[in-house]
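Below is one structure, written out as structure tokens, with a few remarks after it.
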Amino acid sequence: MEEEKVKTRLRFQKVGAAAFISHLDLMRTLGRALSRAEIPAAKTNGYNPHAYISIPCALSLGYEGTREMAEIGLPPGFDPGWIPERINPVLPKGILVTEAYPIARKSAEIAFAEYDLILERGKEGGARAAELLRASPLVVLKKSKRREEETDIAPLIRRIEPAEYGFRATVACSASENLNPRLLSEALKKLAPDETFRVRMTRRGRFFDQTAEEEFL
Amino acid sequence: MDLIEKYPALGEILPTVEKPARYIGGEYGQIVKEDAALSLVFCFPDTYEIGMSHLGMRILVGLYNDTEDVRCERAYAPWVDMEAKMREKGIPLYSLETGTPLKDFDAVLFTLQYELCYTNVVNMLDLGGVHPLAAERGEDEPVVIGGGPCTFNAEPLADFFDIFIIGEGEEVNRELALLELACKREKVSKKEFLRRAAKIGGVYVPSLYEIGYHPDGTLSSVTPKDGAPEQVTKRIVSDLDHMYFPKSFTVPTTEAVHDRAMVELFRGCIRGCRFCQAGHTWRPLRRKKPETVLRQAREHISYSGCEEINLLSLSSSDYRDLETLCDELLEFSEPKGVGISLPSLRADSFSVELLEKLQRVKKSGLTFAPEAGTQRLRDVINKNITEEAILNACGMAFAAGWNGVKLYFMMGLPTETKEDLKGIAEMSDHVLYTWRQKAANKNRGVKITVSTSSFVPKPFTPFQWAAQDTEAALREKISFLRDNIHAKSVAYSWHEPKVSKLESVFARGDRKLGRAIHEAWKRGCRFDGWDEQMKYDVWQAVLSDLSLDFDFYATRARGETEILPWDMIDVGVTKKYLLAGWHDALRGIPWPDCREKCSNCGARRLNNGVCVTD
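Protein sequence lines, in the order shown, are assigned to chains A and B. Just so you know, we're using this note's numbering here: the first sequence kicks off at 1 and counts up by one. Just so you know, we're using this note's numbering here: the second sequence kicks off at 1 and counts up by one.
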């Protein structure tokens, strides 16, 4: 990316069936929408140039996100305030840009993410889950493509709050520490194998750090 | 309405299937027209990624939605994992726009691009709640209509379809939809609708034809009933500049195989390669003016935001204004970072300058299709291209910095000998030698890819009477060629002969195969064109259980006086012309291209005697 570009953050929603648009497809979709909306986003210098878009901390396939973010480069003097009304008519169903603004704090400073876990058992299930997830250590089997390992996820959980629909979880989300909330379901399955905690997940947003005001990105 | 709200179980199954974005709809550009009097669903009997790459479907879905009182939605074949989950949860095959099951539409349309999607057609109907067999479908079930290249011989599918549309759809589809709308309002029976439909040019109603057979299985008679025409003549659009072309299209949210904007340059082909069905069935030649191509290309680039535009035709280099058109289009597309791609470039009219210009935006590989390894065999198949032209084109490209080329050949062509196969290996050696002589930068090395597919004789080509090689013969030829390619920088890949065999059975098949398709589907066949899905042993068992024979369809040479299953279709090109081509093929005599000299193929009568070769 050329240097004189102004790094700009788009805040967007990805809801409904659009939760099943993968991270890579989302990047391409946003890139094309920028082009349709004639927003002069910076391009990569590659073999096949395309819009430079960065979506930090990819949302897992199947999760909804109500305050997601993507970063693009814009020429100086281009008012990002125009972006939502220009891009929203040319986006697929379920993706909506709510805001665009120049980046002040880098996404690398993100420390936490907040998720809503919507349970079939609703409020009662949420209270039960919150109680179970208070355990420490909280060891689950973490599977990656290459290997499986036992991990204590307790230190990665910042807060579990029961709610009408289930519970809300604030968990680590940074380059060094990251908790996929799917592991919370795994933990519940392990702690209470006879109970069902089937969930739908929505990421509500991310925070920079724990001391500052809880600033949503 | 969100599809997951409509089918809550989808929320559970989508996380467990491959590429769930195939099934969610909601793409940019989809048209939702809920309150039209006539509802249609346009089905592509293969995966979403392939269907979304198809220009014809883009045009026709747009055309229908552009017709008052008509709405048209889309459906694609779910991959096997999704199908299993849908059946388990009782979710019917639905349209992506509104989640409507196929059975709730007035008509279900299929584009038939490939013979090995036939079991998918049956499967999609069944999964959509529509009885696959036309004879057993009720009055209140949708009319099932097929179009596309496979309808030039759609006999194997006759049991499943009410109507086939023969030829180009831009006009006849609308006429047929309006007739269906009128019949719906008049509340006439399906049978009466079909009788009336058969009066529209280009409409073939298979149930109105009775087929008789000789004891040896070949056809003895084709008898039209109820006033159906003796022959159904292919429809064409005369004026490509004024025909319907959509201003927008549905842009996939997940990557399609050909994920780009597309505009046609011309229809038909001046070449007449004797194996090529498209080159014969899309005649006569008609072209779009460069200004039309330019306008449509600009519209689709701006609308879609795609990074690439494809200028389509059967032989791009034969478009007279190609270079100036590309120059003008580049002025528009280059600043946007949009690349232009041209399929089907011929080595003999290859312009390295043009290719270099196109590369400024987007790099692409180089592909030539000599099709056969010796001049003798290239004369037989009428692929009028010399090795010299190919080496010359490769040399120019290597000098300009390309360091690879793909060469496509066919195996099992009529009259082929070991010499011809050796010729393929030799040609790849000569290309390698050319690289050594001409390469701009030898440090990067070179990669020459030789690919062979197995020849499949197709209806309406001079080779429609030819026998296909046996599977054993094809395998032997593949290993022979493999043993003759020695250079490290030449890679050889080949198409699975079993797939070609099955393709050959259906390409020239008759109505007797309908039962086999139905039975194979019942026994689990799906996606037969996909190597890993094709169940060859099941197909063999099915054919043998039904006393049918692969070899009767694939490896049997047809008699010149034999009634062919597709004889009730008139594609313009005459049988007499095809037969003369077959005879000259066997004598190794090539014919001039249409620009050099008209060979009177017969197709121009479909266009009031006009065939624009220039």
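For every residue, glycine included, the Cβ atom is placed at its ideal position computed from N, Cα and C.
- Here the C-alpha atom of Leu548 of chain B lies approximately 19 Å from the C-alpha atom of Pro457 of chain B.
- Residues of the stretch 337–367 of chain B whose Cβ lies closer than 7 Å to any Cβ of chain A, in chain order: Gly337, Lys362, Lys363.
- Contact between Arg267 of chain B and Ile166 of chain B is ruled out by a C-beta separation of about 15 Å, above the 8 Å threshold.
- Between His23 of chain A and chain B, the shortest Cβ-Cβ separation is not below 8 Å.
- Nearest to Val380 of chain B by C-alpha distance, out of B:Glu97, B:Leu133, B:Phe463, is B:Phe463.
- Here Gly524 of chain B carries a coil assignment [DSSP, helix/strand/coil].
- Along the length of the stretch 320–357 of chain B, whole alpha helix (DSSP H) runs at least 4 residues long occupy 322–333, reported in chain order.
- Using a 10 angstroms sphere on the CB of His518 of chain B, the tally of other CB atoms reaches 16 or more, which defines it as buried.
- Nearest to Val361 of chain B by alpha-carbon distance, out of B:Pro335, B:Thr374, B:Arg274, is B:Pro335.
- In the DSSP assignment, Glu562 of chain B falls outside any beta strand (DSSP E), carrying neither H nor E.
- Here the alpha carbons of Val263 of chain B and Glu331 of chain B stand approximately 17 Å from one another.
- Residue range 490–494 is occupied by the beta strand (DSSP E) that includes Trp494 of chain B.
- In this structure the stretch 200–214 of chain B does not touch the stretch 524–537 of chain B; the number of beta carbon pairs closer than 8 Å is below three.
- Measuring C-alpha to C-alpha distances from Val130 of chain B to each of B:Phe161, B:Glu155, B:Glu115, B:Thr151 identifies B:Phe161 as the nearest.
- Within the same chain, Cβ atoms closer than 6 Å to the Cβ of Pro56 of chain A are found at Ser107, the five residues on either side in sequence being excluded.
- Around the beta carbon of Gly279 of chain B, 16 or more other beta carbons lie within 10 angstroms, which makes this residue buried.
- Boundaries of the beta strand (DSSP E) harbouring Leu117 of chain A: 112–119, taken from the DSSP string.
- With contacts defined by Cβ atoms closer than 8 Å, Glu49 of chain B and Glu73 of chain B do not form a contacting pair.
- Residue-level contact check: Gly62 of chain A touches chain B, since one or more beta carbons of chain B fall below 8 Å from its beta carbon.
- In the same chain as Ile91 of chain B, and ignoring 5 residues on each side of it, the C-beta atoms closer than 7 Å to its own belong to Tyr7, Ala9, Leu10, in chain order.
- Closest in alpha carbon position to Trp566 of chain B, among B:Thr223, B:Ile424, B:Glu192, is B:Thr223.
- Taken in chain order, the members of the stretch 66–93 of chain A whose beta-carbon sits within less than 7 Å of a beta-carbon on chain B are Val90, Leu91, Pro92, Lys93.
- At a beta-carbon threshold of 7 Å, the residues of chain B lying near Thr29 of chain A are Thr253, ordered along the chain.
- Membership of Gly212 of chain B in the beta strand (DSSP E) is indicated by the continuous run 209–213.
- Counting along the chain, Gly126 of chain A sits inside the alpha helix (DSSP H) bounded by residues 122–132.
- Here the alpha carbons of Gly166 of chain A and Ala127 of chain A stand approximately 7 Å from one another.
- The three-state secondary structure of Thr44 of chain A, taken from DSSP, is coil.
- Collapsing the DSSP output to three states places Gly16 of chain A in a helix.
- Burial is judged here by how many other beta carbons sit within 10 angstroms of a residue's own beta carbon; Lys288 of chain B has at least 16 and is buried.
- From the listed residues B:Ser451, B:Asn484, B:Asn403, B:Gly423, the smallest Cα separation to Gly445 of chain B is found for B:Asn403.
- DSSP places Glu186 of chain B outside any beta strand (DSSP E); the residue lies instead in the alpha helix (DSSP H), whose first and last residues are 169–186.
- Taking the beta carbon of Pro181 of chain A as reference, no residue of chain B falls within 7 Å; the closest one sits roughly 13 Å away.
- Beta-bridge partners assigned by DSSP to Asn178 of chain A: A:Cys173.
- Between Gly29 of chain B and Arg283 of chain B, the C-beta spacing is not below 8 Å.
- Counting C-beta pairs closer than 8 Å gives three or more between the stretch 190–199 of chain A and the stretch 132–151 of chain A, which meets the contact rule.
- Residue burial annotation: Lys522 of chain B is exposed, with fewer than 16 other C-beta atoms found within 10 angstroms of its C-beta.
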